[in-house]
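**Student:** Start counting the sequence shown at 1; every next residue gets the next number (the UniProt record's numbering). For each residue, glycine too, the CB sits at the ideal point set by N, CA and C. Please read all numbers here as calculations on a predicted model, not as lab measurements. This is the structure, below, for whatever I ask next.
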Amino acid sequence: MSLSPPGASSASRLYQAWQSLREQQPHLRARDAAAALGVSEAELIASRIGLDAVRLRPEWAALLPALGDLGQVMALTRNEQCVHERKGPYREVSIAPNGQMGLVVSPDIDLRFFLSGWAFAFAIVEQTDHGAHRSLQFFDRQGAAVHKVFLTEASEVSAWEPLIQRFRAESKSAELELQAAAEPEATVADASVDVEALRADWADLKDTHHFHAMLRKHAVARTQALRLAGAEWAEPLQSAELPRTLDVAGVREVPVMVFVGNRHCIQIHTGPVRNLRWMGEWFNVLDPLFNLHLKTSGVHELWRVRKPSIDGVVTSLEAFDADGELVLQLFGERKPGTPERQDWRTLAEQASVLEG
């Protein structure tokens with residue numbers, strides 16, 4: 001990734017290089033084109049300013065709730081190995097007073113925003129053979145995409161231009177002040193971990209949302225904690241159990257919660273999964289309102305995780321990539337204050353443990 005912001009001429013050269021690449025590979029996505037050209041995706045999108053892209057002011061507390069004016073949209077959040085797409089209206093958007101956190105909590109679109117890392121926003125109208133494709137795209141300080149919102153055939157297109165005019169940035173510059181990524185939080189070696197204290201704190205959890213704080217308290221990485229927790233709380237599974245579990249959940253009509261995210265955004269689908277298909281190494285959910293695209297070769301570890309709570313044990317399947325980054329979490333459908341569904345627990349407990 002280039003940390004040198006492109007000026008007007010360099011942005012123009014970047015745009016031309018991108019178009020040349022698209023002529024050779026018409027279906028190449030912006031994320032992959034940016035990697036091929038050695039820049040961030042945000043730099044690539046910024047090279048379109050004045051052509052088919054507009055830079056927006058990063059006023060998250062006003063901009064994100066305003067997306068509700070667009071009616072039904074498709075929200076997309078992804079990481080390196082998995083793409084999560086959910087259709088619905090942006091409703092019940094709330095931003096914390098300090099501006100660091102945000103929520104979208106509705107039956108359709110369910111999101112968790114970690115806004116301290118958000119930096120850039122663009123509105124794009126791309127002309128295609130199928131008409132104009134409109135999207136709002138949000139990027140972090142390193143220029144990586146954290147969240148995207150696409151208009152659909154059911155969207156309120158009449159609200160698009162007023163929204164863009166309301167948040168249009170004064171500057172039309174393609175220059176982006178990118179920053180190098182922060183160093184990951186330091187963790188300790190296994191031998192330095194007080195395993196008994198870790199297990200005791202794990203057993204004492206009252207809310208699954210307290211899990212991350214527990215990891216920080218013991219200065220352990222997530223997969224490290226899973227390895228040290230013991231079979232009562234975490235068991236390694238064969239990676240093939242993840243698509244198999246989704247497949248069986250579809251057949252048995254067990255409603256699930258599918259969490260996919262990156263450092264700055266988590267997107268959640270709650271409900272059934274029905275139309276499940278393999279396409280090469282990709283396992284896909286292709287339902288009318290929910291699409292999931294999981295690159296199964298990118299799943300390096302899969303764990304069955306049990307966390308105690310005031311509502312009883314909560315069971316999940318958690319997938320990680322080769323760097324220990326969380327790819328996907330799968331739970332049974334559940335609301336706070338209610339125990340875990342027995343049909344989900346039965347299904348999750350049937351997943352085969354990885355033989356050592």
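In this structure, does DSSP put R78 in helix, strand or coil?
**Tutor:** strand
**Student:** Can you tell me which of the three DSSP states K217 falls into?
**Tutor:** K217: helix per DSSP, three-state reduction.
**Student:** Short of 7 Å in beta carbon distance, which residues of its chain neighbour V248, apart from the five on each side in sequence? Order them along the chain.
**Tutor:** L347
**Student:** Provide the residue(s) that pair with Q267 in DSSP beta bridges, ordered along the chain.
**Tutor:** DSSP lists L111, V260 as partners of Q267.
**Student:** Alpha carbon to alpha carbon, what distance is there between A351 and R345?
**Tutor:** If I take the Cα positions, the gap works out to 10 Å.
**Student:** Please return the same chain residues whose Cβ sits closer than 6 Å to the Cβ of M1, not counting the five positions on each side in sequence.
**Tutor:** In this prediction, M1 has a pLDDT of 38, which is less than 50 and means its spatial position is unreliable; nothing more can be read from the coordinates.
**Student:** Less than 6 Å between C-beta atoms, sequence neighbours within five positions excluded: which residues of the same chain meet that for H293?
**Tutor:** V83, W282, N284
**Student:** Measure the alpha-carbon distance for G99 versus N275 and round it to whole angstroms.
**Tutor:** Linking G99 to N275 through their CA atoms gives a straight-line distance of about 38 Å.
**Student:** DSSP has V314 in a bridge; who is on the other side?
**Tutor:** According to the DSSP secondary-structure assignment, V314 is paired through a beta bridge with K307.
**Student:** Alpha carbon to alpha carbon, how far is C265 from L326?
**Tutor:** 12 Å
**Student:** Which residue marks the beginning of the alpha helix (DSSP H) containing T245, and which one marks its end?
**Tutor:** 241-252
**Student:** Enumerate, from N- to C-terminal direction, the unbroken beta strand (DSSP E) stretches of 3 or more residues contained entirely within the segment 144-179.
**Tutor:** 145-155
**Student:** Grouping DSSP H, G and I as helix and E and B as strand, with all else coil, what is D194?
**Tutor:** coil
**Student:** Which residues in the same chain have their Cβ closer than 8 Å to the Cβ of G68, if we skip the five residues on either side of it in sequence?
**Tutor:** P89, Y90, R91, V93
**Student:** Can you tell me whether DSSP reads W282 as helix, strand or coil?
**Tutor:** Note: W282 maps to strand in three-state DSSP.
**Student:** Restricting to runs no shorter than 3 residues, where is the beta strand (DSSP E) found entirely within the segment 9-69?
**Tutor:** 53-56
**Student:** Do A123 and I164 count as a contact pair if the criterion is CB distance below 8 Å?
**Tutor:** yes
**Student:** Does DSSP put A123 in a helix, a strand or coil?
**Tutor:** strand
**Student:** Name the two residues that bound the continuous alpha helix (DSSP H) containing D140.
**Tutor:** Counting along the chain, D140 falls outside any alpha helix (DSSP H), though it belongs to the beta strand (DSSP E) covering 131-140.
**Student:** Can you tell me whether S94 is helix, strand or coil according to DSSP?
**Tutor:** strand
**Student:** If contact is defined by three or more beta carbon pairs under 8 Å, each pair taking one atom from either stretch, is the segment 106-116 in contact with the segment 305-316?
**Tutor:** no
**Student:** Since I45 and A53 are thought to touch, with beta carbons under 8 Å apart, how far apart are those beta carbons, to the nearest angstrom?
**Tutor:** 6 Å
**Student:** Where do the ends of the beta strand (DSSP E) carrying E235 lie?
**Tutor:** 234-237
**Student:** Quick check: N142 and L176, are their CB atoms within less than 8 Å of each other?
**Tutor:** Inspection of the sequence shows that residue 142 is occupied by Gln rather than by Asn. For Q142 and L176, no; Cβs fall outside 8 Å.
**Student:** According to DSSP, simplified to helix, strand and coil, what is A189?
**Tutor:** coil
**Student:** Give a yes or no on contact between the segment 252-260 and the segment 223-241, applying the rule of three or more CB pairs nearer than 8 Å.
**Tutor:** no
**Student:** Opposite F211 in the DSSP bridges: which residues?
**Tutor:** Its beta-bridge partners do not exist; DSSP assigns none.
**Student:** On a Cα-Cα basis, can you pick out the residue from L103, L136, E183, A180 that is closest to E161?
**Tutor:** L136
**Student:** What is the residue span of the beta strand (DSSP E) that L294 lies within?
**Tutor:** Start and end: 290-295.
**Student:** For the alpha helix (DSSP H) holding E347, just list the boundary residues, first then last.
**Tutor:** Contrary to the premise, residue 347 reads as Leu rather than Glu in this sequence. Here the alpha helix (DSSP H) through L347 covers 342-349.
**Student:** Rounded to whole angstroms, what is the Cα-Cα separation between L3 and A144?
**Tutor:** For L3, the predicted structure reports a pLDDT of 40, less than 50, and the residue's modelled location is therefore unreliable. A value from the coordinates is still provided. Taking the straight line from one Cα to the other gives about 12 Å.
**Student:** Go ahead and label G38 buried or exposed: buried means 16 or more other beta carbons lie within 10 angstroms of its beta carbon, across all protein chains shown.
**Tutor:** exposed
**Student:** Tell whether a beta-carbon distance below 8 Å holds between L215 and D190.
**Tutor:** no
**Student:** In three-state DSSP terms, what is residue 382?
**Tutor:** There is simply no residue 382 to check, as the chain begins at 1 and stops at 356 in what is shown.
**Student:** What is the DSSP secondary structure of A182, reduced to helix, strand or coil?
**Tutor:** coil
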